[in-house]
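Each position in the sequence shown, counted from 1, maps to that position plus 20 in this note's numbering.
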Amino acid sequence: MPERQYIPVDCSSALNKLKRKVPYEWDLNIYRGCEHGCKYCYAIYSHDYLKDGAFFDRVYVKQNILEHLEKELRSPSWKRDIVNIGGVTDSYQPIEQEYQLMPEILKLLIKYKTPAIISTKSDLILRDYDLIDRLSRITYINVAATVTTMDESVRQQLEPNGCESVKRFAMLKEFRKTNASVGLHVMPIVPYLTDTEENIDSLFACAKDSNVHYALPGTLYLRGKTRPYFLEFIKTDYPQIYEQMCELYKKGGAGKEYKDVLYERVNRLRKKYNLSGSYTIAIKEKMYREPDLFSGM
Ligand code: SF4
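Here you go:
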């Protein structure tokens, strides 16, 4: 196993404009590369243009991101759109403990009343509880945890450096005490591994217990570099489902037949726990109550 490297780099902007507009059109990623090491990671491709194949072991830190963010947020053209923080890599991966960039990012969002969405697989976000609480009282902020399984041994295989699933739910429960909207992302659901009635039932039971505003599921998708990386992992760690998995993933997505069965289960269980599947309701509610804060939307 190569030793992990952290490389400070300069970025040319903090906010990245996305092609779509709804529900957000801006992305902000502090790090390139991610130590969490999830076997299904969709972002592995993002190291390609750096000509660097070590997505999990070489993390680039955007050391000047705060200067750029302040410049961009104070610009008269900034319309206080929602910023999706960590859409590509996790902002609360372990190295954030050292760099402490997120508290400064949050202070700028507070200063410029900018709404945001943060999703993470780490409870390190609790360190910034007070700042997120403050932001939640002046604008829209969504805190989401991605949780794929309640089976700790499977979790360790799938997401070796993320924190335990129970800690992610405990984190959501804490943020539910703020004015933030709080959600569970069950993404990806891995066929034959995390798609069981038992696992989805446990995830939704925990979501209910954490009193989340919504629970959003998504099936595994395998494209680009993620495909060989993930299939190799299955071949080595779960050889008993390897053939089935290859059969199901002849293309990037699982077939309709599989998805129909899966979503019948997911929707039935979501109903059982009376969980919403929409994360935009909270955005709309906030916009309705405080429309002046969302003049750019
Ligand atoms: S937390 Fe997200 S970005 Fe990081 S390794 Fe896992 S899937 Fe990839």
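Note that beta-carbon positions come from the ideal geometry of N, C-alpha and C, so glycine has one too.
Beta strand (DSSP E) containing residue i: first to last residue?
i: methionine 207; result: 201-209
i: lysine 82; result: 78-82
Could you tell me the boundaries of the alpha helix (DSSP H) in which residue i lies?
i: aspartate 171; result: Premise fails: aspartate 171 is in no alpha helix (DSSP H) and is neither H nor E.
i: alanine 190; result: 185-195
i: alanine 227; result: 217-229
i: lysine 255; result: 246-257
i: leucine 213; result: That residue, leucine 213, is in no alpha helix (DSSP H); it is neither H nor E in DSSP.
Could you check if residue i belongs to the surroundings of ligand 1, using beta carbon to heavy atom distance under 7 Å?
i: lysine 291; result: no
i: histidine 56; result: yes
i: lysine 131; result: no
i: aspartate 77; result: no
i: glutamate 179; result: yes
i: aspartate 171; result: no
i: alanine 63; result: yes
i: glycine 182; result: yes
i: aspartate 47; result: no
i: threonine 239; result: no
Taking 8 Å as the CB-CB limit, is residue i close to chain D?
i: phenylalanine 224; result: Annotation note: the requested chain D is absent from the structure, which comprises a single protein chain.
Looking at the structure shown, is residue i part of a helix, part of a strand, or coil, going by DSSP?
i: arginine 290; result: helix
i: proline 43; result: coil
i: threonine 140; result: strand
i: valine 232; result: coil
i: isoleucine 27; result: strand
i: glycine 316; result: Low confidence applies to glycine 316: its pLDDT is 44, below 50, so where it sits in the model is not reliable enough to give any reading.
i: glutamate 161; result: In the sequence as presented, glutamate is not what sits at residue 161; that position holds isoleucine. Of the three classes helix, strand and coil, the one that applies to isoleucine 161 here is strand, per DSSP.
i: arginine 147; result: helix
i: tyrosine 119; result: helix
i: valine 103; result: strand
i: threonine 300; result: helix
i: tyrosine 278; result: helix
i: leucine 35; result: coil
i: tyrosine 241; result: strand
i: leucine 295; result: coil
| query | How about the region 80-97 and the region 120-136: do they share at least three Cβ pairs that are nearer than 8 Å? | reply | yes
| Do three or more CB pairs link the region 245-258 to the region 186-202 at distances below 8 Å? | Because the criterion of three Cβ pairs below 8 Å is not met, the region 245-258 and the region 186-202 do not touch.
| said: With three or more C-beta pairs closer than 8 Å as the rule, is the region 140-149 touching the region 158-172? | reply: yes
| query | Counting Cβ pairs closer than 8 Å, one from the region 260-278 and one from the region 194-202, do we hit at least three? | reply | no
| task | Check whether the region 30-37 touches the region 212-224, counting contact only when three or more Cβ pairs, one atom from each stretch, lie closer than 8 Å. | result | no
| said: I want to know whether the region 226-240 touches the region 292-303 - three or more CB-CB distances under 8 Å. | reply: They touch, by the three-pair rule.
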